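Chains as they are written, first to last, in this note's numbering: chain A, 10 to 359; chain B, 10 to 359. Even glycine gets a Cβ: it sits at the ideal position worked out from N, Cα and C. If you're wondering where the values come from, they're calculated on a predicted model, not measured in any experiment. Reading through the C-alpha cells given below for one structure.
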C-alpha cells in the first residue's frame with residue numbers, strides 16, 4: 010500500500026469509528042451535537058504521522074496488509090486529538106490546524122447563544138471533556154480493531170507506556186516554561202518524551218509488537234525512531250517561529266507569543282549576547298507580541314546562530330535516523346516507506 | 010467478603026497499581042514526584058462506591074471471590090479520580106475530599122517555588138494532565154486485572170459506554186449551568202448520565218458482564234441501580250447545600266457558591282415566589298457568597314418546600330431500588346451487601 014492509500018484507509022477507519030459513536034451521543038441528547046461537530050473539524054486535519062509509523066512498524070516486522078492494523082493505527086489519531094485539545098487549553102492557543110481551537114469554538118458557541126455566565130470557562134470545560142472523550146475512545150478503538158487477542162495483548166504495554174510517557178512529557182514541558190533559564194539539555198529531555206517517543210518510536214514499536222517483532226527489531230526501530238522524532242520536533246520548533254501560517258495552520262510566530270521554551274530558544278540563548286538575551290527574555294511569551302516583535306525575535310534567533318545550530322541538529326538527527334534505517338532488519342517495502350516518512354517529518358513546511 | 014474487607018482489597022489493588030507506575034514516572038524525571046504525591050493524596054480519600062457496586066454485580070451474577078475482579082473493580086476509582094480532578098478544574102473548586110483540589114495544589118507549588126509566570130494556569134495544566142493520566146491508567150488497570158480474556162471482552166463494551174456516558178453527562182451538566190431557568194426535568198437528565206448510570210448502574214453491569222450475567226439479570230440490576238443512583242445524586246445535592254464540612258470534605262454551601270443547577274435548586278425554583286426566586290437567581294453562583302448568604306439560600310430552599318420535595322424524591326427512589334433488589338435474581342449474599350450499600354449511598358452524611 011502506498012502512504013497515500015494508508016492515509017485514506019486511516020481516515021476511513023477513524024471517521025467510521027466516530028460515526029458509530031454518533032448515535033450513542035445523540036441518543037443521550039441532541040445537545041451533544043456541537044461536541045461531534047468540533048471533533049469532526051479537528052479530525053479533518055492532521056498528517057496522520059503516528060498511524061503511518063505504526064502501520065510501517067507492523068509491515069516492517071512482517072505483518073501483512075489487513076484492516077485490523079489500520080484500525081489499531083488510526084486509534085493513535087484519537088490519542089493525538091486528545092493531546093491537542095488539552096494542549097490548546099493549557100497553552101490558551103486560539104487556533105489548531107487552521108481552525109479555532111476546540112475551547113475557543115465552544116467559547117464562541119456560548120457567546121453567540123448569549124448564555125448567562127462566562128463564555129471562556131465554558132469553552133475550556135467543553136474542551137477538557139472532548140479531550141477526555143477522545144482519550145477514552147482511542148483505547149476503545151484499539152481494543153475494537155479486530156486483531157487477534159494475542160496480538161493486542163503484545164501491543165497493550167506499548168500503548169500504555171506511550172500514553173504515560175506523553176503525559177509526563179507534557180508536564181515536563183510545562184515545568185520547562187517555569188524556568189528562568191532553560192538549557193538545551195532540559196529542553197531536549199522534553200523533546201524526548203513529548204515528541205520523539207510519542208510521535209515516532211512508540212507508534213513504530215506498537216505496530217512491531219502487534220506483529221510479534223523480535224527485541225532486535227524493536228531496538229533497531231528505536232535507533233531510527235528516536236533521532237527522527239527529535240528531528241521532527243526541532244523542525245516543529247523552527248516552523249513555530251518561521252513557518253508560513255498558510256502551511257502550519259497557526260498564526261506567524263505563535264510559539265514566541267506562547268513563550269514556548271523550545272530547543273531552538275535554548276540554542277539561541279546559549280549564543281546570545283547580553284542585550285539579545287534580555288530581549289528574548291522580555292518578549293518571549295508576551296501575548297501581545299505584534300509582527301514587529303516577532304520580526305525582532307526572529308532576527309535574534311538568526312543572528313545569534315541559534316537557527317543554524319537547530320538546522321544542523323535536525324540534519325544530524327535525520328542522518329542518524331537514515332543510517333539506522335539502512336541497517337534495520339525490516340522488509341524492503343517498509344524501508345522505502347520509512348525513508349519517505351523521514352523526509353515528510355523533517356523537511357516539511359507545515 | 011464483608012464490604013469493609015472489599016474496601017481494603019480495593020485499596021490495596023489501587024495503591025499497588027500506582028506503586029508499580031511510580032518507578033516509570035520517576036525514571037522519566039524525579040520532577041514528576043509532585044504528580045504522584047497529588048494522586049496519593051486524592052486516592053487516600055473516597056468511599057470506593059463504584060468498585061463496591063462492580064464487585065457485587067459480579068458476585069450477584071455468580072462470580073467467585075478472586076483478586077482479578079477486585080483489580081478490575083478498583084480501576085473504576087482511577088476513572089473517578091480523573092473525573093474529579095477535571096471536574097474541579099472546570100468548577101474552579103478549591104477543595105476535594107477535605108484537601109486542596111489538584112489544580113490548587115499545583116498552583117501553590119508554583120507560587121511557593123516563586124517560579125516566573127502565572128501560577129493558576131500552571132495548576133490547571135498539571136491537573137488536566139494528571140486527570141488524563143488517571144483516565145489512561147483506569148483502562149490499563151482494567152486490562153491488567155488478570156481476568157480471562159473472554160470475561161474482559163464481555164466487560165469492555167460496558168466500560169466504554171460508562172466512560173462515554175459520564176463525559177456526555179458532564180457536558181450536559183455544564184449546559185445546565187448556562188440555562189436561565191433549569192427545570193426539574195433537565196436537571197434529572199444530568200443526574201441520569203452523570204450519576205445514576207455512572208456511579209451505580211454501569212459498575213453493577215460491569216461486574217455482571219465480567220461474570221457472564223444473563224440479560225434478565227442485567228435488566229434487574231438497572232431496575233435497582235438507576236433509582237438508587239438518582240437517590241445517591243439527590244443526597245449529594247442536599248449535602249452540597251446542608252452538609253457538614255467535616256463530613257463532606259467541602260466548605261459549607263459549596264454547591265451554592267459554585268452555582269450548581271441541581272435538582273434541589275430546580276425543585277426550589279418550581280416552588281418559589283417571585284421574591285424568593287429572584288434571590289436564588291441573584292445569589293446562586295456568587296463566588297463571594299458568605300455564611301449569611303448561604304444561610305439565606307438555605308432558608309429559601311427549606312421554606313419553599315424544595316428540600317422536603319428532594320427528600321421525598323430520595324425516599325421514593327430508594328424505595329423503588331429496594332423493591333427491585335428484593336426480586337432481582339441474584340445471590341442472597343449479594344442482596345444483603347447491596348441492601349447495605351443502598352443505605353450507605355442514600356442516608357450518608359458525607
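Closer than 9 angstroms to the CB of residue 125(A) there is at least one CB belonging to chain B.
For residue 108(A), DSSP records a beta bridge to 105(A). Contact residues of the region 102 to 113 of chain A toward chain B are absent (C-beta to C-beta distance below 9 angstroms). By the beta-carbon neighbour count (other beta carbons within 10 angstroms, threshold 16), residue 59(A) is buried. With contacts defined by Cβ atoms closer than 9 angstroms, residue 122(A) and residue 132(A) do not form a contacting pair.
Against residue 180(A), the close residues of chain B are 41, 44, 135 and 138, in the order they occur along the chain (beta-carbon pairs closer than 7 angstroms).
Closest in alpha carbon position to residue 23(B), among 245(B), 345(B), 34(B) and 51(B), is 51(B). Only those residues of the region 140 to 164 of chain B whose C-beta falls short of 7 angstroms from the nearest C-beta of chain A are listed: 141, 142, 144, 145, 148, 149, 152 and 158. A direct Cα-Cα distance of roughly 52 angstroms separates residue 229(B) from residue 120(B).
When the beta-carbon positions are compared, residue 235(A) and residue 259(A) stay at least 9 angstroms from each other.
Interface annotation, residue 98(B): in contact with chain A, CB-CB separation under 9 angstroms. Listed along chain A are 145, 146, 148, 149, 152 and 153, each with a C-beta nearer than 9 angstroms to that of residue 169(B). Under the DSSP assignment, residue 195(A) falls in the alpha helix (DSSP H) whose first and last residues are 193 to 199.
Of 237(A), 65(A) and 221(A), the smallest CA-CA separation from residue 354(A) is found for 237(A). Residues 109, 110, 113 and 260 of the same chain have their beta carbon placed closer than 8 angstroms to that of residue 103(B), with the five preceding and five following residues left out of the count. Around residue 202(B), the same chain offers 174, 175, 177, 178 and 181 as residues with beta carbons nearer than 8 angstroms, after the five sequence neighbours per side are excluded.
Here residue 292(A) is near residue 265(A), since their CB atoms are less than 9 angstroms apart.
Straight-line measurement puts the Cα of residue 248(A) at about 31 angstroms from the Cα of residue 148(A). A straight line joining the alpha-carbon of residue 115(A) with that of residue 337(B) spans about 44 angstroms.
Below 8 angstroms, too few C-beta pairs join the region 89 to 97 of chain A and the region 153 to 165 of chain A to call them touching: fewer than three. For the region 327 to 348 of chain A, the set of residues with a beta-carbon nearer than 8 angstroms to any beta-carbon of chain B is empty. Neighbourhood of residue 77(B) in chain A, by CB distance below 7 angstroms: empty, with the nearest CB roughly 15 angstroms away. In the three-state scheme derived from DSSP, where H, G and I count as helix and E and B as strand, residue 338(A) is classed as coil. The beta carbon of residue 343(B) is closer than 6 angstroms to those of 65, 68 and 69 in its chain, skipping five residues each way along the sequence. In the three-state DSSP reduction, residue 76(A) falls in the helix class (H, G or I). Of the candidates 85(B), 37(B), 38(B) and 357(B), the residue whose Cα lies closest to the Cα of residue 26(B) is 85(B).
Residue 140(B) is a Cβ neighbour of residue 91(B), given a cutoff of 9 angstroms. Residue 321(B) sits away from residue 192(B), with the two beta carbons spaced by 9 angstroms or more.
Within a 10 Å sphere around the beta-carbon of residue 80(B) sit 16 or more other beta-carbons, which makes this residue buried.
Below the 8 angstroms Cβ cutoff, chain A contributes 177, 181 and 198 as neighbours of residue 38(B), in chain order.
For residue 283(A), the enclosing alpha helix (DSSP H) starts and ends at 283 to 292. The beta-carbon distance between residue 78(A) and residue 71(A), rounded to whole angstroms, is 12 angstroms. This is too long to meet the 8 angstroms contact definition. For residue 24(A), no CB of chain B lies under 9 angstroms from its own CB, so it is not counted at the interface with that chain. Interface flag for residue 174(B) against chain A is set, since a Cβ pair is found closer than 9 angstroms.
Per DSSP, reduced to three states, the secondary structure at residue 61(B) is helical.
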